Structure formats: C-alpha cells, structure tokens
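Below is one structure, written out as structure tokens; comments come after it.
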Amino acid sequence: MKKLNSLILVVVLVAVAVLSVACTGGVQQLFCDHDFSKCDYLNVYCAKGCGASKRPASERIYDNKFVYDFTEAKHAEVVASFNAVENALAQAEPYDGAKHAFAADSDYYKANKNFEEKYYNPFSDMVEYVTEQYQYAYVFYCKYDGGNGTKADYETISEVRNEVIADYYKLFASIYDTQYREYFFSEEDGWTADDITVALNMSASYGDDRYVAINNKIDKLSTTYRDFSDSELAGEAMCNLYKQFVTEQNALAALASDNGNKYANYVEYAYANVYERSYTPSDVAEMRNYVKNYFVPVFNKLLRKYYFSSSKSFVGNASKVYKALCEDSIFDNDLTLDYVGKYFAEMKTATLGSKEINFYSTANDLLRNGNYYTGEYEGAFSYYIPAQKATILYFGPDSYSGAFTFVHEFGHYYNTIYNGGVNLSMDHDETQSQGDEMMFLAYLQNNLSQNNLGKVFDAVEANQLFNIASTVLMSTAVDEFEQTVYAMDETTLKNADLQQLFVSIMKGYGIAELFNTDYWRYVAVDSPCYYISYAMSALPSLGIYAKAQKDGFDSAKTAYLKLFTFSDNASLAHKDDKGDIIVDATYADILHNAGLYGAFDVQLYQLLSDTLG
C-alpha cells in the first residue's frame, strides 16, 4: 500500500520495432446456438462441430473496462486530494526522535493510521487512476493516430501524470519530517532502511518542481516528433529536435541520484532505472567487441543464405504456405493463424513450474476477449494495466500482424499471464518475445519438413535468421550512437553531425551499405536507450534456436519456458506479503538457470558459429 511503486514512476511499453493487427470486430456472429465460451478462436471450426465456416468475432469484453474518462472535474479531485494531504502534514508535529519513537499502542500510531486512511491512501488511489488513464490515452492515441481528440487527451493526461508523480514522491520527504516518520516508514508495513533511503532520494529527485517542467518539455518534443512529415523526419528538423530531446533527457537525469551519486547522463540513468539492467553502459563496450569480432562473421554467413534464398519460384501450396508465414496477417489469412495455433499447442507443459503452461488456451482467450487494439500508429506493444490486472496489446497498420510478429508479442503477453505484473528487466522481457519467435521457427522446421515443404522452410528460416541477426547489429549500433550523443557537452552536441555519426558507427559493424542509415531517426525519440535490449535478447534467442538444432526441440522448449517459470525458483525470486513476485536474480542468472548463454558469454558466440554459421 505504501511501499514504493516504480511502475507509477516509469510506465514502460514492451514493444517490437515492426508489427500490426486487424481487429476481428465487436459483434458476436451467431452462427450456432451454444455456449460461445467453448468456441475455438484459433481455428475455423466450432467446438461442437456445428459446421461453422468462419471464426467467431471477438467478444471485446474489455471495451467497457479500458475507458478514458479523465475530465477537468477529475483533475480538480486529484488536486484537492493532494492539497488535503499537504494540509494534514502542515498540521502535524515536526519529527522528534524521543517523542515520536514507534510504539504500536500509542496515540501517534493511531494518528498515523488516520492520516493514511483519510488522506494518503485516497491520494495514492488518485495517482493510480491517473496512471491508468495515461495508459489508455496512449493506446487510443496510437489507435487513432492522434485523431478523434486523442492527441489532446494524451497531451493533457501526460502533463497531469507528470504533476502527480512529482507530488507523489514529494510526499515521502514531507512525511519523513513529521510525527508520522517512524509509523509511516515502519517495518510493520514492510519498509527497510534501504527502502527509506530510496524513497528520500526519489523525493529529492522527482519531487523537484523542475522534474515536472522537464518532463512536460520531453512530452511535447515527443508528440512533435510523431507529427513530423516524412521530409521533416529526414531533414534538419529531426536533428534539431533530437538535440533538444537529448538536452532535456540529460537534465532529467541530472535531477536523479543513486544513493547520492549523480548520473553522468540519461543513458546511465535509463539503464539503471527505466530498464533495470544489471550492467552499465560501459559494460556494453565488452559486448560490442564480442559482436564485432565473433558475431559479424556469423551474420555474414546468414546474409549470404538470405541472398541466395528465394520464394519467387514457389507455386501452388508452397507459395500459399510461404505467404501465410512471412507476408499475411493472422487476422486476414486463416492459414497464418492455423500455423500459429498449432505451434502454441506444442508449447504446453505441466512439469516445469507451479502451474501449467498453455500457450494455446491463453491465445484462444485473448482472441475471444479482445483485449487488443489496432490503429494507424506504426508499431506494436503490450501494455500491462495494473488496475485491471490485464494486458492491452496494440498493433499498427500494414506489416504489423504477421505470424512471427504475433508470436513475438504473445511472448510478452504470456509473461503477464504466468507472472502477473512482475517487474522484469527489458532484456528478459525481450528474450521471452524474441525467443518465442525462435521456438516458432524451430517448430516450423519439423512441421514443414514432415509435409514436404522443406524448401519453404529454408526460405522462411533464411528470412527470420537474417532479420534477428540484423536486429543484433542495428540495435547495438543504435546504443553506441546514443551513448556517444548523450555523453556530448552542450557545444559538441550543438555542432554535431548526427547523421554522419550514425553512418560511421554502422561502418564499424560492416552494415552501412546494407541498411537504412536514417534508422536512428525512427527509434531514438520513441524508444530512448531501449534498443540495446533488442540485441541483448536477440543473441540468447538465437542461442535458443541453436539449442534446438543441437539438442532438439524439446530441450530448447524447456530452456525457453524456464524464462517464465524462473519465478518458482526460490533462489531467483520470491513473493512479498501481497503475493507479488519480486525478482532477486540478474538477467544473466536467469539465463544460466535455464541452460542458456547471454550476450556477455563468449560461449554463446561459439555456439552460434558452430550451429548457424
């Protein structure tokens, strides 16, 4: 109730760079007369064999739960609630160690309980409400690409959210200075000395009025960026905006501290706080060397296979299957969803964790319930809504809902099914999603080969391995670019040729002639300092595929699913007094527990060279 909730401070989208989905509609198709909860939404047949010829439409049961209803009146309630807390604190006695020492039977104990129940808890509820509204506003902003008033809604709630976050953290220092100190921050309520130190540090950082002003500037730059025309994105307008963006992000990091130690720049801050990585930006230099020295040769071999593979010669069923797997949407092509469904059916076990893992049943529920949205904004993400204990999936237009894309997002989604709103590192999150793609590929190897479609699989494999290997190099290059830019002083940044910088970095990986040298323009504002997580997760995900080649599908399946069931291992995680999962291990520990290597393990590169190269 009172323990620090980092989700309120940082609401992170778990996203994939390229994705999409077409909604199946909101009106139930009455093609048979029995309980629709028994229908199979992953395949085109009725569970009772009534001869249905098409999939039932989603019931969209969340449409009346995921609702943006923030108004000026609600804003006034939020402000009034915070003012009530401040007024109560102003009337409290200043802290006196002798007078206000914790005593469970004292009047001060009762006064603190009254303060919490009458003032603090209602404001905390308001903070959670605003956070939830912010999440909905962002989803609908993407769905309508800023139309239908959603841009104004998103801008409004973003500013309010910045305000309430600052107010929320500001209160910790205020409470600490009053008679409530030892009662509010009590062991009885689960507070440790370290928790209190973190709370006071955050109060000093995020309770600062400058935090609100800086975040509002960042939000405005972000929405301006999303409104850029193609020419603005490709020209100096983007360069100038990004320089302002970097300046404001660094200013935000300067307000924060880690036990009194200031962050050098936003990259350091984001690694530790936004993405909860167990390694530092300087540690990534070692990983970059591994990538350049050991992975680039593997990439070059995969590149040659990709160049020499072709789907153009496919006709008949071969052409149909290739399109279903690599080109068509799962919502437009029944065969596409059929392959995904058959793969999900293979990902079932009751022996690895405390509860059954069942991808098929979960995906079926997702398609029936309809807690996904489609829209015009290019991208896709899964978004856990704590207030609803449910996840929203968003898919953009065009090429954003293919088989592998849907499988990717489902990897994110299933973690919330198995582990709830557990706070994972982004690297772990992305290994669950990219690893799911690699398991799907390993499944297809068996399925297609057994059905005389081996050449189709060769083309699919060449395409997918090239894509994920490209992700490793481009994501590492983006991170190197960001680390360089965020470390610049004001004068250097002002005069920097950002485009030339990115080209020179791409040359270091041998990819400047292969890929779009404007790539940084598409990711550096929407996903600041995120992209290294794609590389850190793509490498062990390739390791999962290599394991399937070396040890078989079942061995790889076990290793992959341990990325979910790790939470049942007492040496890796525990549950707090509310039943929420707390991760105690590093991402590397969790990989090693699953029998997998990470990006800092030289053995991984040897495995990839031996198996894929």
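Numbering follows my numbering, with no gaps: position 364 of the sequence shown is 347. Quick reminder that beta carbons are idealized off the backbone N, C-alpha and C, glycines included. From a predicted model like this one, the values you see are computed outputs, not experimental measurements.
Quiz item: What's the C-alpha gap between Q12 and Y252?
Solution: Position 29 of the sequence shown, counted from the first residue, corresponds to residue 12. Position 269 of the sequence shown, counted from the first residue, corresponds to residue 252. At Q12, the pLDDT of 33 sits below 50, so the modelled position is not reliable; the number obtained from the coordinates is stated separately. Each residue's alpha carbon lies about 50 Å from the other.
Exercise. Tell me whether A5 sits in a helix, a strand or coil according to DSSP, three-state version.
Key: In the sequence shown, counting from the first residue as 1, residue 5 sits at position 22. Note that A5 scores a pLDDT of 28, beneath 50, so its modelled location is shaky and nothing firm can be said.
Quiz item: In whole angstroms, what is the alpha-carbon distance linking P369 and V323?
Solution: The residue given as residue 369 occupies position 386 in the sequence shown. The residue given as residue 323 occupies position 340 in the sequence shown. Rounded to the nearest angstrom, the two C-alpha atoms are 28 Å apart.
Quiz item: In chain order, what residues of the same chain lie with their CB nearer than 7 Å to the CB of S516, ignoring the 5 residues before and after it?
Solution: The residue given as residue 516 occupies position 533 in the sequence shown. Only Y258, M409, D410 and E413 meet the Cβ criterion.
Quiz item: Based on the DSSP secondary-structure assignment, which residues constitute the bridge partners of H557?
Solution: Reading the sequence shown from its first residue, position 574 is the one you call residue 557. H557 pairs with I565.
Quiz item: DSSP on K48, reduced to helix/strand/coil?
Solution: If you number the sequence shown from 1, residue 48 lands on position 65. DSSP places K48 in coil when its eight states are reduced to three.
Practice problem: Decide if V10 is buried, meaning its Cβ has at least 16 other Cβ atoms within 10 Å, or exposed. | Solution: Here residue 10 corresponds to residue number 27 of the sequence shown, with the count starting at 1. The predicted position of V10 is uncertain, since its pLDDT is 31 and thus under 50; a value taken from the coordinates is nonetheless stated next. Counting Cβ neighbours within 10 Å, V10 comes out exposed, since fewer than 16 surround it.
Quiz prompt | V10 - DSSP class collapsed to helix/strand/coil | solution = The residue labelled residue 10 in the question sits at position 27 within the sequence shown. Here V10 scores only 31 on pLDDT, less than 50, and its place in the model should not be relied on; the value that follows carries that caveat. DSSP, read as helix, strand or coil, puts V10 in coil.
Quiz item: Among the residues of its own chain, which have a CB less than 6 Å from the CB of I488, if the five just before and after it don't count?
Solution: Locating residue 488 in the sequence shown gives position 505, where the first residue counts as 1. Cβ neighbours of I488 beyond the five flanking positions: A460, E463 and F464.
Quiz item: With burial defined as no fewer than 16 other Cβ atoms inside 10 Å of the residue's Cβ, what is the status of C512: buried or exposed?
Solution: Counting from 1 along the sequence shown, the entry for residue 512 is found at position 529. The residue in question, C512, is buried, as its Cβ has 16 or more Cβ neighbours within 10 Å.
Practice problem: Using three-state DSSP, classify F378 as helix, strand or coil. | Solution: Position 395 of the sequence shown, counted from the start, is the residue given in the question as residue 378. DSSP places F378 in strand when its eight states are reduced to three.
Exercise. Give me the Cα-Cα distance between L546 and P523, rounded to the nearest whole angstrom.
Key: In the sequence shown, counting from the first residue as 1, residue 546 sits at position 563. In the sequence shown, counting from the first residue as 1, residue 523 sits at position 540. Spanning the two alpha carbons is a distance of roughly 11 Å.
Quiz prompt | K275 versus Y305: straight-line alpha-carbon distance, rounded | solution = Taking the first residue of the sequence shown as 1, we reach residue 275 at position 292. Taking the first residue of the sequence shown as 1, we reach residue 305 at position 322. One Cα belongs to K275, the other to Y305, and the distance between them is close to 32 Å.
Quiz prompt | Closer than 7 Å to chain B by CB, F549 | solution = In summary, chain B is missing from the structure at hand, where a single protein chain is found.
Quiz item: Which residues in the same chain have their Cβ closer than 6 Å to the Cβ of A333, if we skip the five residues on either side of it in sequence?
Solution: Here residue 333 refers to the residue found at position 350 of the sequence shown. By the criterion of a C-beta distance shorter than 6 Å, A333 is surrounded in its chain by E339, once the five residues flanking it on both sides are discounted.
Quiz item: On the three-state DSSP scale, how would you describe N244?
Solution: Position 261 of the sequence shown, counted from the start, is the residue given in the question as residue 244. Residue state, collapsed to three classes: strand.
Quiz item: Roughly how many angstroms separate the alpha carbons of K325 and E60, rounded to a whole number?
Solution: As a working note, residue 325 is residue 342 in the sequence shown. As a working note, residue 60 is residue 77 in the sequence shown. Those two C-alpha atoms are separated by around 50 Å.
Quiz prompt | Chain-order list of residues whose beta-carbon lies under 6 Å from that of K331 (same chain, five-residue window excluded) | solution = The residue you call residue 331 lines up with position 348 of the sequence shown. If we look at K331 and ignore the five residues flanking it on each side, its Cβ neighbours are N341.
Quiz item: If Y249 and Y469 are in contact, beta carbons under 8 Å, what's the gap, nearest whole angstrom?
Solution: In the sequence shown, counting from the first residue as 1, residue 249 sits at position 266. In the sequence shown, counting from the first residue as 1, residue 469 sits at position 486. Approximately 5 Å separates the beta-carbon atoms of Y249 and Y469; this is inside 8 Å, confirming the contact.
Practice problem: Determine the contact status of Y588 and Y273, defining contact as a CB-CB distance below 7 Å. | Solution: For the purposes of this step, residue 588 is taken as the residue at position 605 of the sequence shown. For the purposes of this step, residue 273 is taken as the residue at position 290 of the sequence shown. Yes; because the gap between Cβ atoms is below 7 Å, this pair is in contact.
Quiz item: What number of angstroms, rounded off, separates the C-alpha of N223 from the C-alpha of L456?
Solution: In the sequence shown, the residue the question calls residue 223 occupies position 240. In the sequence shown, the residue the question calls residue 456 occupies position 473. L456 has its alpha-carbon roughly 26 Å from the corresponding atom of N223.
Quiz item: What is the rounded straight-line gap between the Cα of Q586 and the Cα of Y277?
Solution: By one-based count along the sequence shown, residue 586 stands at place 603. By one-based count along the sequence shown, residue 277 stands at place 294. So the two alpha carbons sit approximately 10 Å from each other.
Practice problem: Report all residues from its chain with a CB closer than 8 Å to the CB of M221; omit the five preceding and five following residues, and keep chain order. | Solution: The residue you call residue 221 lines up with position 238 of the sequence shown. Taking M221 as the centre and dropping the five residues before and after it, the same chain places the C-beta of Y208, F211, E215 and R504 closer than 8 Å to its C-beta, in chain order.
Quiz item: Taking the alpha-carbon positions, what's the L376 to E115 distance?
Solution: Start at 1 with the first residue of the sequence shown, and residue 376 comes out as number 393. Start at 1 with the first residue of the sequence shown, and residue 115 comes out as number 132. Rounded to whole angstroms, the gap between the alpha carbons of L376 and E115 is 15 Å.
Self-check item: Between the CA atoms of G353 and C6 - distance to the nearest angstrom
Solution: Locating residue 6 in the sequence shown gives position 23, counting from the first residue. Locating residue 353 in the sequence shown gives position 370, counting from the first residue. Residue placement at C6 is poorly supported in this model, since its pLDDT is 30, which falls under 50; the coordinates are not used for a value here.
Self-check item: For Y356, the first and last residue of its enclosing beta strand (DSSP E)
Solution: In the sequence shown, counting from the first residue as 1, residue 356 sits at position 373. Where Y356 is concerned, the enclosing beta strand (DSSP E) stretches over Y355 to T357.
Quiz item: Going along the chain, which residues of its own chain have a beta-carbon closer than 8 Å to the beta-carbon of F343, five neighbours each way excluded?
Solution: For the purposes of this step, residue 343 is taken as residue 360 along the sequence shown, with counting starting at 1. Phe is not the amino acid found at residue 343; the sequence shown has Tyr there. Excluding positions up to five away in sequence, the list reads L25, G324, F327, A328, M330 and K331.
Exercise. Report all residues from its chain with a CB closer than 6 Å to the CB of E420; omit the five preceding and five following residues, and keep chain order.
Key: The sequence position of residue 420 within the sequence shown is 437, counting from 1. Here the set comprises F387, V390 and H391.
Quiz item: Is P369 helix, strand or coil by DSSP?
Solution: Residue numbering aside, residue 369 sits at position 386 when the sequence shown is read from its first letter. Coil.
Practice problem: Reducing DSSP to helix, strand and coil, say where I494 ends up. | Solution: Taking the sequence shown and counting its residues from 1, the one referred to as residue 494 is at position 511. DSSP places I494 in coil when its eight states are reduced to three.
Quiz item: So, are the CB atoms of S592 and V281 less than 7 Å apart?
Solution: Indexing the sequence shown from 1 puts residue 592 at position 609. Indexing the sequence shown from 1 puts residue 281 at position 298. It is a contact, given that the beta carbons lie within the stated cut-off.
Quiz item: Thinking C-beta only, is D559 closer than 7 Å to I565?
Solution: Sequence index remark: in the sequence shown, residue 565 carries index 582 (1-based). Sequence index remark: in the sequence shown, residue 559 carries index 576 (1-based). Yes; because the gap between Cβ atoms is below 7 Å, this pair is in contact.
Practice problem: In the DSSP assignment, find the alpha helix (DSSP H) that holds Y152 and state where it starts and stops. | Solution: Here the question's residue 152 lines up with position 169 in the sequence shown. Unbroken alpha helix (DSSP H) run through Y152: T133 to Y159.
Quiz item: Count the other CB atoms within 10 Å of the CB of A81; is the residue buried (16 or more) or exposed (fewer)?
Solution: Numbered from 1 along the sequence shown, position 98 holds the residue referred to as residue 81. Taking every protein chain shown into account, the CB of A81 has fewer than 16 other CB atoms within 10 angstroms, so this residue is exposed.
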